[in-house]
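Residue numbers (the working numbering): 3 to 353.
Quick reminder that beta carbons are idealized off the backbone N, C-alpha and C, glycines included.
Step one of this worksheet: look at the structure below.
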Ligand SMILES: NC(=O)c1ccc[n+]([C@@H]2O[C@H](COP(=O)([O-])OP(=O)(O)OC[C@H]3O[C@@H](n4cnc5c(N)ncnc54)[C@H](O)[C@@H]3O)[C@@H](O)[C@H]2O)c1
């Protein structure tokens, strides 16, 4: 039975990137739209989106708290209660308008209502445009474990309007850049060079370059996801910085934003791999130089706690007391290696 092939052919998200928001999707007559957004994004963009969507059919909206804490059963329950009260059909559309918290929550909701309702994502942070809206992963946190519950349910459409980035701070743009750095390190040396050379223009939102960045990052992610939608092997390559990054987020109770935690995770994983003899001095320095170019901060807390959480959360995915780590061989190329937990715990980070 060729299940893999069947799933791969299901990865057919249509991504549109433009400067201003437009809603050109062909929808059936009498379609209904359920827009879910957070309180910050609602103040900025809900009216604009509502006006365009309402021209195609009846539109309802739900506003949730703008917080990582919203990735919870409680919020999912409230959203589902509200949508079900309208007796939704599978052919209706659930729309997520917001950053990664919204795309994660809304993707999950759409995947379970009627066992799958049409999903449109309108990402509004750089991180969600290049990462969380792409590839179908969604989820909520459970008992302080990141993304423990979720499904893989790619959106039918992702609509990106780069003008929505104008209301983000430079620090928030950097969070997205960290995910772009991650994919560049693992997949494309030229993208690394682009990021290294264009820092000033990217952080100052030169829209021509931002568009280039978004298009490239999505293309690279799609190449990986297209081969392994269900995250059984190759897709793990996208986890560079995340094993440690997720542990930092959990330990710091989400006070450090996801993108920055991933940046901090890349520093630590780079050191760890070098100390384990799996990565050369040249590669480690090149990775750090890219992170330093953007002044990505280093994590200053106790690394023993972080390593302990990282190992505990990841161990279940691997076997025989090992965890999978992404090992960049050189800038632009990486592979996945199973590493003994005991070896990781023995590494000393004192320099
Ligand atoms: N599923 C995936 O593949 C995937 C990938 C990466 C990250 N994630 C998840 O994404 C989440 C982080 O996403 P994020 O960084 O977008 O954070 P976020 O969704 O929390 O948004 C950050 C803040 O920016 C505000 N905001 C959003 N868009 C804005 C805009 N255009 N202007 C002004 N303010 C705006 C939000 O209200 C929020 O306060 C984490 O939960 C992470 O686990 C998921």
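- No heavy atom of ligand 1 is found nearer than 6 Å to the CB of residue 158.
- Under the DSSP definition of a beta bridge, residue 164 lacks any partner.
- Annotation note: the region 107–189 contains the following uninterrupted alpha helix (DSSP H) runs of length 4 or greater, listed N- to C-terminal: 172–189.
- Straight-line spacing of the CA atoms in residue 18 and residue 77 works out to 29 Å.
- For residue 334, no beta strand (DSSP E) encloses it, and the DSSP letter there is neither H nor E.
- In terms of Cβ geometry, residue 160 and residue 123 form a close pair [threshold 7 Å].
- The beta carbon of residue 252 sits closer than 7 Å to those of 146, 147, 148 and 311, all from its chain and outside the five residues before and after it, given in chain order.
- Inside the region 34–70, DSSP marks whole alpha helix (DSSP H) runs of 4 or more residues at positions 49–56, from first to last along the chain.
- A distance below 7 Å separates the beta carbons of residue 242 and residue 328.
- Inclusion of residue 227 and residue 137 in the CB contact set at 7 Å is warranted, their separation being smaller than that value.
- Around the C-beta of residue 92, fewer than 16 other C-beta atoms lie within 10 Å, and the residue is accordingly described as exposed.
- Judged by the Cβ position, residue 328 fails to qualify as a neighbour of ligand 1 at the 6 Å threshold, every heavy atom of the ligand being at least this far.
- Relative to the non-hydrogen atoms of ligand 1, the Cβ of residue 219 never comes closer than 6 Å to any of them.
- At a Cβ-Cβ threshold of 7 Å, residue 262 and residue 177 count as neighbours.
- DSSP, reduced to helix, strand and coil, places residue 100 within a strand of the structure shown.
- Membership of residue 19 in the beta strand (DSSP E) is indicated by the continuous run 16–20.
- Not one heavy atom of ligand 1 is found less than 6 Å from the C-beta of residue 243.
- Under the three-pair Cβ rule at 8 Å, the region 278–298 counts as touching the region 186–205.
- Rounded to whole angstroms, the Cβ separation of residue 218 and residue 193 is 5 Å, and the two are in contact under 8 Å.
- For residue 305, the uninterrupted alpha helix (DSSP H) segment begins and ends at 305–316.
- Cα atoms of residue 305 and residue 150: separation of roughly 22 Å, rounded to the nearest angstrom.
- Taking C-beta atoms as the reference points, residue 58 and residue 29 count as a pair closer than 7 Å.
- Short note on residue 177: C-beta closer than 6 Å to some heavy atom of ligand 1.
- Collapsing the DSSP output to three states places residue 203 in a helix.
- In terms of CA proximity to residue 20, 163 leads the group 163, 267 and 298.
- Per DSSP, residue 349 lies in no alpha helix (DSSP H) segment and is marked neither H nor E.
- With respect to the C-alpha of residue 212, the residue from 338, 119, 200 and 229 having the closest C-alpha is 200.
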